[in-house]
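Engineer: Provided herewith is a single structure, encoded as C-alpha coordinates, for subsequent inquiry.
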Amino acid sequence: MTAVVVFLVASVVLLGVGYQYLKYSKQQEQSRQERQTYQRYNDYLQSTQETAPTAKSESEPVDIAAAEPEPQVASPAEPSMAQKLLSHPAVTPGPGFNAPGVQQTGVTIIDAMEHAQTTARPR
130 MTAVVVFLVA SVVLLGVGYQ YLKYSKQQEQ SRQERQTYQR YNDYLQSTQE TAPTAKSESE
190 PVDIAAAEPE PQVASPAEPS MAQKLLSHPA VTPGPGFNAP GVQQTGVTII DAMEHAQTTA
250 RPR
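Okay, so the sequence shown: first residue is 130 according to this note's numbering, each after it adds one.
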(Lines of atoms letter the chains of each structure in order from A and count residues from 1; the text may use other names and numbers.)
(Lines give C-alpha, C1' and ligand atoms only; values in the text may rest on other atoms or scores of the structure.)
Protein backbone atom coordinates (compact mmCIF):
# COMPACT_ATOMS: atom_id res chain seq x y z
CA MET A 1 0.00 0.00 0.00
CA THR A 2 2.83 2.43 0.85
CA ALA A 3 4.52 1.71 -2.47
CA VAL A 4 1.34 2.63 -4.38
CA VAL A 5 0.98 5.91 -2.47
CA VAL A 6 4.66 6.79 -3.04
CA PHE A 7 4.29 5.98 -6.75
CA LEU A 8 1.17 8.18 -7.06
CA VAL A 9 2.77 11.11 -5.22
CA ALA A 10 5.93 10.81 -7.34
CA SER A 11 3.81 10.68 -10.51
CA VAL A 12 1.90 13.83 -9.53
CA VAL A 13 5.15 15.65 -8.74
CA LEU A 14 6.73 14.59 -12.03
CA LEU A 15 3.63 15.67 -13.98
CA GLY A 16 3.68 19.05 -12.22
CA VAL A 17 7.37 19.57 -12.97
CA GLY A 18 6.85 18.51 -16.58
CA TYR A 19 3.96 20.92 -16.99
CA GLN A 20 5.96 23.82 -15.53
CA TYR A 21 8.88 23.00 -17.83
CA LEU A 22 6.63 22.99 -20.91
CA LYS A 23 5.07 26.27 -19.83
CA TYR A 24 8.51 27.81 -19.35
CA SER A 25 9.67 26.51 -22.75
CA LYS A 26 6.67 28.07 -24.48
CA GLN A 27 7.31 31.42 -22.79
CA GLN A 28 10.94 31.35 -23.91
CA GLU A 29 9.92 30.50 -27.48
CA GLN A 30 7.39 33.33 -27.51
CA SER A 31 9.99 35.78 -26.20
CA ARG A 32 12.45 34.65 -28.87
CA GLN A 33 9.84 35.10 -31.61
CA GLU A 34 8.96 38.57 -30.32
CA ARG A 35 12.63 39.60 -30.35
CA GLN A 36 12.95 38.33 -33.92
CA THR A 37 9.80 40.20 -34.93
CA TYR A 38 11.12 43.42 -33.38
CA GLN A 39 14.47 42.94 -35.08
CA ARG A 40 12.79 42.43 -38.46
CA TYR A 41 10.60 45.48 -37.89
CA ASN A 42 13.57 47.62 -36.85
CA ASP A 43 15.50 46.43 -39.90
CA TYR A 44 12.52 47.34 -42.07
CA LEU A 45 12.26 50.81 -40.51
CA GLN A 46 15.97 51.34 -40.93
CA SER A 47 15.86 50.36 -44.59
CA THR A 48 12.85 52.57 -45.35
CA GLN A 49 14.22 55.58 -43.49
CA GLU A 50 17.47 55.60 -45.39
CA THR A 51 17.38 58.34 -47.97
CA ALA A 52 17.12 56.80 -51.39
CA PRO A 53 19.09 58.60 -54.06
CA THR A 54 16.85 60.50 -56.41
CA ALA A 55 16.98 59.27 -59.97
CA LYS A 56 17.79 61.98 -62.50
CA SER A 57 17.37 61.55 -66.18
CA GLU A 58 20.52 61.45 -68.24
CA SER A 59 19.48 64.49 -70.26
CA GLU A 60 19.74 66.78 -67.23
CA PRO A 61 23.15 68.35 -66.58
CA VAL A 62 24.83 67.23 -63.40
CA ASP A 63 25.62 70.05 -60.99
CA ILE A 64 28.57 69.04 -58.85
CA ALA A 65 27.76 71.63 -56.15
CA ALA A 66 24.20 70.31 -55.90
CA ALA A 67 25.49 66.74 -55.61
CA GLU A 68 27.09 67.53 -52.27
CA PRO A 69 24.72 66.74 -49.43
CA GLU A 70 23.37 69.73 -47.58
CA PRO A 71 23.60 69.65 -43.82
CA GLN A 72 20.25 68.55 -42.52
CA VAL A 73 18.61 70.33 -39.64
CA ALA A 74 17.84 67.84 -36.91
CA SER A 75 14.07 67.58 -36.65
CA PRO A 76 12.54 66.31 -33.47
CA ALA A 77 12.01 62.59 -33.88
CA GLU A 78 8.51 61.31 -33.39
CA PRO A 79 8.16 58.84 -30.54
CA SER A 80 7.85 55.20 -31.45
CA MET A 81 4.49 53.50 -31.25
CA ALA A 82 5.41 51.80 -27.98
CA GLN A 83 6.63 55.06 -26.44
CA LYS A 84 3.47 56.87 -27.53
CA LEU A 85 1.28 54.15 -26.07
CA LEU A 86 3.17 53.88 -22.81
CA SER A 87 3.07 57.65 -22.29
CA HIS A 88 -0.74 57.71 -22.63
CA PRO A 89 -2.54 57.52 -19.27
CA ALA A 90 -5.28 55.18 -20.57
CA VAL A 91 -2.82 52.49 -21.68
CA THR A 92 -1.66 49.65 -19.49
CA PRO A 93 0.41 47.10 -21.40
CA GLY A 94 -0.69 43.51 -21.05
CA PRO A 95 0.74 40.18 -22.16
CA GLY A 96 -0.12 40.81 -25.84
CA PHE A 97 1.36 44.30 -25.98
CA ASN A 98 4.25 43.17 -28.16
CA ALA A 99 2.16 41.04 -30.50
CA PRO A 100 2.25 42.10 -34.17
CA GLY A 101 -0.29 44.83 -34.95
CA VAL A 102 -1.32 45.54 -31.36
CA GLN A 103 0.73 48.70 -30.97
CA GLN A 104 -0.32 50.07 -34.34
CA THR A 105 -3.97 49.45 -33.48
CA GLY A 106 -3.48 51.07 -30.08
CA VAL A 107 -1.95 54.19 -31.63
CA THR A 108 -4.86 54.37 -34.10
CA ILE A 109 -7.36 54.13 -31.25
CA ILE A 110 -5.55 56.79 -29.20
CA ASP A 111 -5.41 59.12 -32.22
CA ALA A 112 -9.13 58.58 -32.84
CA MET A 113 -9.94 59.29 -29.18
CA GLU A 114 -7.89 62.48 -29.21
CA HIS A 115 -9.48 63.58 -32.47
CA ALA A 116 -12.96 62.92 -31.08
CA GLN A 117 -12.17 64.87 -27.92
CA THR A 118 -10.82 67.87 -29.82
CA THR A 119 -13.72 67.99 -32.25
CA ALA A 120 -16.48 67.25 -29.72
CA ARG A 121 -19.09 69.96 -29.28
CA PRO A 122 -19.65 71.18 -25.73
CA ARG A 123 -23.18 70.48 -24.48
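We treat Cβ as the ideally placed atom computed from N, Cα and C, and that holds for glycine.
With DSSP run on the structure shown, which of helix, strand or coil describes residue 77?
Structural biologist: With the chain represented from 130 up to 252, any question about residue 77 goes unanswered, as that position is not in the structure.
Engineer: DSSP on residue 158, reduced to helix/strand/coil?
Structural biologist: Within the sequence shown, numbered from 1, the residue matching residue 158 stands at position 29. It is helical.
Engineer: For the stretch 208-223 against the stretch 232-243, are there 3 or more C-beta pairs whose distance is under 8 Å?
Structural biologist: Contact between the stretch 208-223 and the stretch 232-243 is present, because at least three Cβ pairs lie under 8 Å.
Engineer: Starting from residue 249 and walking both ways along the alpha helix (DSSP H), at which residues does that stretch end?
Structural biologist: Here residue 249 refers to the residue found at position 120 when the sequence shown is read from its first residue. Per DSSP, residue 249 belongs to no alpha helix (DSSP H) and is neither H nor E.
Engineer: Please state whether DSSP places residue 226 in a helix, a strand or coil.
Structural biologist: Here residue 226 refers to the residue found at position 97 when the sequence shown is read from its first residue. Coil at residue 226, not helix or strand.
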